[in-house]
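First residue of the sequence shown: 538, per the working numbering; consecutive thereafter.
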Amino acid sequence: MTTAHTLAAQGLSLGYDDRDIVSGLDFAVPQGKLTVIIGANASGKSTLLRGLSRLLAPRAGTVLLDGQSIHALSTRQVATIMGVLPQSPTAPEGIIVADLVARGRYPHQGWFRRPSHDDDLAVATALAATDMADFADQPVDALSGGQRQRVWIAMALAQGTDLLLLDEPTTFLDIHHQVEVLDLLTDLVRSAGRTVVVVLHDLNLACRYADHVVAMKEGRLVAEGAPSAVVTQALVAEVFNLAARIVPDPVSGTPLIVPIGRHHAGDTAAQP
């Protein structure tokens with residue numbers, strides 16, 4: 538099992554230029570769980586994740602990692618505890634897959650950065666877990682969007698941190714690989730005891746995989762808790778401005794959101 542680390546926001550305000558996105562937000566990441574942040578576009582999901590991961594400095598408030606301000610810790614200290622996959626990362630031109638994934642091992646290496654057996658094993662394991670081992674020697678630039686996304690996920694996995702924050706990791710992935718990635722993250726939580734925070738757009742996958750859901754609207758936290766307790770017709774209407782029915786997922790029993798849409802609104806009128 539991994540060491541339990543804590544991550545929390547206190548009175549956190551974030552923004553860009555003259556625009557406030559998140560204001561006065563308090564949030565403690567549940568330890569040893571898969572937390573999924575949901576919300577409409579521009580609700581502050583990615584901004585919150587950037588703030589939690591120290592990629593965006595707060596305008597007010599603080600982010601605490603193990604009780605200390607994350608901005609008072611060194612980059613190496615943070616990187617040995619927390620792995621981050623931001624939106625739309627950029628790879629150095631010409632780098633091959635194995636070398637990019639190996640960059641996830643830098644926080645664990647000495648000054649001379651000589652790869653150890655543990656480093657090689659972590660890279661190989663991450664490539665295998667993301668189904669990218671056969672592409673290890675290929676340039677990242679030559680891959681499809683979905684393949685590149687899996688390489689970035691592999692790099693985050695190779696970092697081997699107890700906390701893992703991923704912003705829309707299933708972007709560009711077909712449904713098969715979306716499910717594989719979420720299964721893998723669930724394994725990290727249940728088998729390795731890691732704490733994972735993910736931003737997702739797919740509400741049904743969020744409900745199926747999340748231990749804890751955080752719903753955001755206009756930069757504030759609207760609701761949080763287990764999907765079965767949080768995801769209701771009222772919440773979907775408030776957060777997404779969407780009329781929907783919530784039925785049990787036939788596979789997992791978790792909430793399944795069935796959008797109605799204006800062309801089918803009349804079809805539901807006679808239904809119970």
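We treat Cβ as the ideally placed atom computed from N, Cα and C, and that holds for glycine.
Please read these numbers as outputs of a predicted model, since none were measured by experiment.
- Message: So, with DSSP's three-state summary, where would you put H749?
- Response: By one-based count along the sequence shown, residue 749 stands at place 212. Three-state DSSP puts H749 in a strand.
- Item | Nearest to P652 (by Cα), restricted to the options A666, A665, A635 and D786 | In the sequence shown, residue 652 corresponds to position 115, counting from 1. It is A635.
- Message: In whole angstroms, give me the CA-to-CA distance for L719 and L610.
- Response: By 1-based counting over the sequence shown, the position of residue 719 is 182. By 1-based counting over the sequence shown, the position of residue 610 is 73. Cα-Cα distance, rounded: 30 Å.
- Query: In the structure shown, what three-state DSSP assignment does K754 receive?
  - Reply: The count along the sequence shown starts at 1 and reaches residue 754 at position 217. K754 falls in the strand class under three-state DSSP.
- Item | Simplified DSSP state of E717, which is helix, strand or coil | Here residue 717 refers to the residue found at position 180 when the sequence shown is read from its first residue. Helix at E717.
- Kindly indicate which residue of A663, R556 and T599 has the alpha-carbon position closest to the one of G548. By one-based count along the sequence shown, residue 548 stands at place 11. Of the listed residues, the one whose Cα sits closest to G548 is T599.
- Item | Given L664 as reference, the closest of V688, V726, A752 and V767 once Cα atoms are compared | By one-based count along the sequence shown, residue 664 stands at place 127. Per the Cα distances, V688.
- Query: How is P644 classed by DSSP in three states: helix, strand or coil?
  - Reply: For the purposes of this step, residue 644 is taken as residue 107 along the sequence shown, with counting starting at 1. If DSSP states are grouped into helix, strand and coil, P644 belongs with the helices.
- Message: Tell me the rounded alpha-carbon separation between L589 and H608.
- Response: Translated into positions along the sequence shown, residue 589 becomes position 52. Translated into positions along the sequence shown, residue 608 becomes position 71. Those two C-alpha atoms are separated by around 10 Å.
- Under three-state DSSP, which class holds D674? By one-based count along the sequence shown, residue 674 stands at place 137. The answer is coil: DSSP assigns D674 none of H, G, I, E or B.
- Query: To which residues of the same chain is Q675 closer than 7 Å at the C-beta, ignoring the five residues directly before and after it?
  - Reply: Indexing the sequence shown from 1 puts residue 675 at position 138. Within the same chain, Q675 has close Cβ partners I633 and V634.
- Message: Taking the beta carbon of L562 as the centre, do at least 16 other beta carbons fall within 10 Å, making it buried, or is it exposed?
- Response: Mapped onto the sequence shown, residue 562 falls at position 25. Classification for L562: buried.
- Counted within 10 angstroms of its Cβ, other Cβ atoms place H654 as buried (16 or more) or exposed: Walking along the sequence shown from the start, residue 654 turns up at place 117. Exposed: under 16 other Cβ atoms inside 10 Å.
- Nearest to T732 by CA position, among D656, M619 and I558, is which residue? Indexing the sequence shown from 1 puts residue 732 at position 195. Here the closest residue by C-alpha is M619.
- Run the CB neighbour count on Q624, radius 10 Å, all protein chains shown included, and call it buried at 16 or more, exposed below. On the sequence shown, residue 624 is found 87 positions in, with the first residue counted as 1. When all chains shown are included, Q624 counts as exposed.
- Alpha-carbon to alpha-carbon, Q614 and M692: On the sequence shown, position 155 is the one that residue 692 refers to. On the sequence shown, position 77 is the one that residue 614 refers to. Cα to Cα, the separation comes out at about 18 Å.
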